[in-house]
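My numbering puts the first residue of the sequence shown at 31, with every later residue one more than the last. Cβ atoms here follow ideal geometry from the backbone N, Cα and C, with glycine treated the same way. Note that the structure is a prediction, hence the values are computed from the model and not measured. One structure is given here, and the rest of the page talks about it.
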Amino acid sequence: MNPKKETVVIASTPGREAWLSECLSSIGREVLVLRQAGTWELGKIKWLYENTQLDRFLFLHDSVIIKDQSFFDIMFSHDGSVSVTDDPGVFGMYMGIYTRSDLSKVELYSPITQRDSIVAEREWTKTYAQTADKVTVVFPDLRDSLNKGFTEHHGRTNMILENNYLIKYKGTWK
């Protein structure tokens, strides 16, 4: 894998095949899928840092549907670290472009529980953003307060975050 190219990483786990299939069907490009069982988002980011030479990668969930392929052009048109949204803080839901140089400045660890991962989503991402050389927030409209409602999808109730470029089925919002 070329560490300089625009790499898209989809985070998933075993048992989420329907989610992953739907996500991958919406993406018109090569992706790297991480499906480690028992590993939350930050653990997957840590794995990428330790096991690849990627300089920069876009990290998304398997619960994302891409509606417009120009999403990728928009995201990768910005230099440095790029956050999809800033709700509940910068790099909300861990979604965005991470850089190796910025990751090298922060502690990387693997949260043990979902609760640990939720705390890290607020605290670790805040530290990452403060340490990064530059962070651009591309879609501040993707926020819980502007959700498009709730729906049952693949066996769970989801908050729908949506704009012209993507849909995010969010399972944890409380």
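Buried versus exposed call for L176 [16 or more other C-beta atoms within 10 Å across all chains shown]: As a working note, residue 176 is residue 146 in the sequence shown. Result: exposed.
Rounded straight-line distance, which links the Cα of L196 to that of T155: Start at 1 with the first residue of the sequence shown, and residue 155 comes out as number 125. Start at 1 with the first residue of the sequence shown, and residue 196 comes out as number 166. Each residue's alpha carbon lies about 21 Å from the other.
Own chain residues within Cβ distance below 6 Å of P132, not counting five before or after: Working through the sequence shown from its first residue, we reach residue 132 at position 102. A small fix is needed here, since residue 132 is Asp in this sequence, not Pro. So the qualifying residues of the chain are S111, A162.
Cβ distance (whole Å) where S140 is taken to contact K76 below 8 Å: Numbered from its first residue, the sequence shown carries residue 140 at position 110. Numbered from its first residue, the sequence shown carries residue 76 at position 46. Going by Cβ atoms, the distance from S140 to K76 rounds to 6 Å, so yes, they are a contact pair.
Backbone secondary structure at Y128 - three-state DSSP: Taking the first residue of the sequence shown as 1, we reach residue 128 at position 98. In the structure shown, Y128 sits in a strand (DSSP, three-state: E or B).
Helix, strand or coil at A159 [DSSP, three-state]: For the purposes of this step, residue 159 is taken as residue 129 along the sequence shown, with counting starting at 1. Correct three-state label for A159: helix.
Buried or exposed (CB count within 10 angstroms, at least 16 for buried), A48: Counting from one through the sequence shown, the residue named residue 48 turns up at place 18. Exposed, by the Cβ-count rule.
Cβ pair I40, V63 closer than 8 Å: Along the sequence shown, one-based indexing puts residue 40 at 10. Along the sequence shown, one-based indexing puts residue 63 at 33. Their beta carbons are under 8 Å apart, which means I40 touches V63 by this criterion.
First through last residue of the alpha helix (DSSP H) which encompasses K74: As a first step, residue 74 must be located in the sequence shown, where it is residue number 44. Its alpha helix (DSSP H) spans residues 71 to 81.
Burial state of S113, where buried means 16 or more other Cβ atoms lie within 10 Å: Within the sequence shown, numbered from 1, the residue matching residue 113 stands at position 83. Label assigned to S113: buried.
Classification of G45 by the beta-carbon crowding that lies within 10 angstroms, buried from 16 upward: If you number the sequence shown from 1, residue 45 lands on position 15. Classification for G45: exposed.
Euclidean distance between Cα positions of R130 and K35: Numbered from its first residue, the sequence shown carries residue 130 at position 100. Numbered from its first residue, the sequence shown carries residue 35 at position 5. When rounded, the distance between both Cα atoms is 13 Å.
Cβ neighbour criterion (16 or more within 10 Å) applied to I127: Position 97 of the sequence shown, counting from 1, holds the residue named residue 127. It counts as buried.
Every unbroken beta strand (DSSP E) within the region 135 to 203, with a cutoff of 3 residues, ordered by chain: 165 to 167, 180 to 183, 186 to 192, 196 to 200
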